[in-house]
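This report refers to the structure that appears directly beneath it.
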Amino acid sequence: MSGPDSGLVVIGGLNTDISALGVDRLLAPGELTRSGRLLIGPGGKSCNLARMAAALLPPGKVYMVGKTCRDPFGLWRIPVDALADAGVNTDFVKIEDFDAAGMYPGIALIPVDRQGENQIYCLPGMNDAFLPRDIEDAYPLFEKGGGTRLLALTLELPLETAVHAVRKAASAGMKVVLDPGGIDASVDYGELLGLGIYALAPNEHEARILSGIWVGGMESAREAARVLLSRGVSNVVLTHGERGAYVFSRDQERHVAVIHGGGPGTADATGCGDQVTAVLCAEVLRGRSVLEASETAVAAGTMQYHRPGVQPVTWEELRAAMEREER
Numbered sequence: 111m112s113g114p115d116s117g118l119v120v121i122g123g124l125n126t127d128i129s130a131l132g133v134d135r136l137l138a139p140g141e142l143t144r145s146g147r148l149l150i151g152p153g154g155k156s157c158n159l160a161r162m163a164a165a166l167l168p169p170g171k172v173y174m175v176g177k178t179c180r181d182p183f184g185l186w187r188i189p190v191d192a193l194a195d196a197g198v199n200t201d202f203v204k205i206e207d208f209d210a211a212g213m214y215p216g217i218a219l220i221p222v223d224r225q226g227e228n229q230i231y232c233l234p235g236m237n238d239a240f241l242p243r244d245i246e247d248a249y250p251l252f253e254k255g256g257g258t259r260l261l262a263l264t265l266e267l268p269l270e271t272a273v274h275a276v277r278k279a280a281s282a283g284m285k286v287v288l289d290p291g292g293i294d295a296s297v298d299y300g301e302l303l304g305l306g307i308y309a310l311a312p313n314e315h316e317a318r319i320l321s322g323i324w325v326g327g328m329e330s331a332r333e334a335a336r337v338l339l340s341r342g343v344s345n346v347v348l349t350h351g352e353r354g355a356y357v358f359s360r361d362q363e364r365h366v367a368v369i370h371g372g373g374p375g376t377a378d379a380t381g382c383g384d385q386v387t388a389v390l391c392a393e394v395l396r397g398r399s400v401l402e403a404s405e406t407a408v409a410a411g412t413m414q415y416h417r418p419g420v421q422p423v424t425w426e427e428l429r430a431a432m433e434r435e436e437r
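According to the working numbering, numbering within the sequence shown proceeds without interruption in unit steps and concludes at 437.
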């Protein structure tokens with residue numbers, strides 16, 4: 111199999127999301143509530159990102175690299191089937207036997223209150239067994255001569271695997287977009303950031319962990335970005351919920367507000383950051399700069415907020431929403 115001429119390689123976790131939507135409130139220890147409705151669907155930030163990007167790129171241009179196992183409840187099939195249904199190439203998703211693996215696939219338990227705020231309890235399972243040798247087995251995706259190819263990854267995988275993947279991408283001349291979802295506050299990510307990340311897309315909490323700066327607005331976002339840029343990152347897109355995003359490169363910056371025409375319906379923050387990153391990737395592959403792409407990306411993230419669970423935004427929907435915003 112030859113590598114893609116121009117496309118997106120996504121590396122990271124595969125989860126099944128078990129969500130409780132519209133609960134009365136997010137509970138304190140020992141509390142109980144009888145409210146909400148159940149939604150079971152595909153998840154893992156990288157899985158979300160791949161599906162979302164596939165809705166924006168030509169067929170056959172998104173490749174997923176990950177690891178799971180055939181558990182007896184069939185939970186593994188939910189993200190793998192969703193990727194295939196979205197048109198993502200899953201040839202490099204490793205699927206092991208359950209007995210040999212000795213663990214379950216990745217699972218996320220997600221209560222979401224009526225205001226769209228959520229908590230995420232991530233049980234990594236097979237994602238923690240995703241090792242550098244699994245990246246090596248996907249070598250056709252890292253062959254040189256791929257033109258404008260791009261690698262996107264999240265941190266729902268071991269740090270050594272992320273570092274190895276970014277090094278492989280650099281050797282193949284690929285740009286790297288890092289969404290630090292799944293970040294562990296006890297881990298030092300200095301080596302990873304120093305590998306020449308083209309675009310880093312944290313939310314305010316992830317930015318604080320990576321930079322040590324609490325982000326409350328544009329000024330503090332600028333301080334956090336200054337730290338991250340000094341470590342070798344080329345562009346920072348720092349998302350901040352309903353405040354939109356703060357975007358920085360070495361010589362430019364802007365604040366991008368959310369759109370007001372995001373749509374009616376359920377308020378659910380699940381997948382909003384993934385949607386922002388997916389649009390950034392798609393726009394970069396189309397030749398746009400991160401600064402140029404950020405407005406479209408934030409608009410897509412706003413639209414995702416008004417959708418229950420993860421439902422990828424299309425270009426047609428995005429263009430219509432932005433046209434309404436301009437009126």
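A virtual CB, placed ideally from N, CA and C, is assigned to each residue, including glycine.
Computed from a prediction, not measured in an experiment: that's the story for all the values here.
Spatial neighbours of residue i within its chain, please: CB distance less than 6 Å, with the 5 preceding and 5 following residues excluded, ordered by chain position.
| i | result |
| --- | --- |
| G113 | Only weak support is given to the placement of G113: the predicted model assigns it a pLDDT of 43, under 50, and the question is left unresolved by the model. |
| C157 | L124, P189 |
| V389 | T406, A407, A410 |
| D422 | As written in the sequence, residue 422 is Pro, which differs from the Asp given in the question. Around P422: R161, M162, A165. |
| V420 | N158, G381 |
| M174 | V120, A160, L193, V198, T200, V203 |
| F240 | K177, L267, T271 |
Here's the rule: buried if 16 or more other CB atoms are within 10 angstroms of the residue's CB, otherwise exposed. What is residue i?
| i | result |
| --- | --- |
| D134 | exposed |
| Y214 | buried |
| H370 | exposed |
| L148 | exposed |
| S340 | exposed |
| L166 | buried |
| D191 | exposed |
| E352 | exposed |
| G291 | buried |
| I150 | exposed |
| T412 | buried |
| R161 | buried |
| P441 | Residue numbering for the chain in the displayed model covers 111 to 437; residue 441 lies beyond these limits and cannot be assessed. |
| R144 | exposed |
| P234 | buried |
| G216 | buried |
Who are the Cβ neighbours of residue i in its own chain at under 7 Å, not counting the five residues just before and after it?
| i | result |
| --- | --- |
| P242 | E270, T271, H274 |
| V297 | L269 |
| H315 | none |
| G122 | G154, K155, S156, G176, L263, T264, E266, L267 |
Quick check: the Cα distance between residue i and residue j, rounded to an integer number of angstroms?
| i | j | result |
| --- | --- | --- |
| E301 | G354 | 29 Å |
| T406 | G226 | 22 Å |
| E141 | Q229 | 15 Å |
| L395 | R360 | 21 Å |
| W425 | G397 | 16 Å |
| L136 | A282 | 45 Å |
| R429 | P182 | 43 Å |
| A431 | A409 | 8 Å |
| V120 | L263 | 6 Å |
| E427 | C391 | 18 Å |
| A279 | H416 | 34 Å |
| G170 | L118 | 10 Å |
| S116 | I293 | 29 Å |
| A130 | G342 | 39 Å |
| P312 | A211 | 32 Å |
| E433 | G176 | 37 Å |
| Y299 | L288 | 12 Å |
| A331 | D384 | 20 Å |
| E333 | A379 | 26 Å |
Near residue i, which residues of its chain fall below 8 Å by C-beta distance, leaving aside the five closest residues on each side in sequence?
| i | result |
| --- | --- |
| R180 | W186, I205, E206, D207, F208 |
| Y231 | A218, L219, I220 |
| V357 | N345, V346, V347, L348, E363, R364, H365, V366, V400, L401, S404 |
| M111 | Reliability of the predicted coordinates at M111 is poor, the pLDDT of 36 falling under 50, and the value obtained from them is presented with this limitation in mind. Result list for M111: D201, P250, in chain order. |
| E435 | I369, H370, G371, A409 |
| M328 | Y356, H365 |
Under the assumption that residue i contacts residue j (Cβ atoms under 8 Å), give the Cβ distance between them as a whole number of angstroms.
| i | j | result |
| --- | --- | --- |
| L305 | V325 | Actually they are not in contact, since the Cβ atoms of L305 and V325 sit about 23 Å apart, beyond 8 Å. |
| A248 | A196 | A248 to A196, Cβ: 19 Å. No contact. |
| L265 | L310 | In fact, because the Cβ distance is near 11 Å, the residues do not count as touching under 8 Å. |
| I319 | A295 | 5 Å |
| T126 | G153 | 6 Å |
| T178 | V203 | 7 Å |
| T387 | L159 | 6 Å |
| L303 | M284 | Not a contact, Cβ separation roughly 17 Å. |
| G132 | V222 | 7 Å |
Ordered list of alpha helix (DSSP H) runs contained in the segment 329-416, each at least 4 residues | 382-395, 400-415
Fully enclosed by the segment 115-175, which alpha helix (DSSP H) runs are 4 residues long or longer?
-> 155-164
Write down every uninterrupted run of the alpha helix (DSSP H) in the segment 180-254 whose length is 4 residues or greater and which is fully enclosed by it, in chain order.
-> 187-195, 208-211, 242-246
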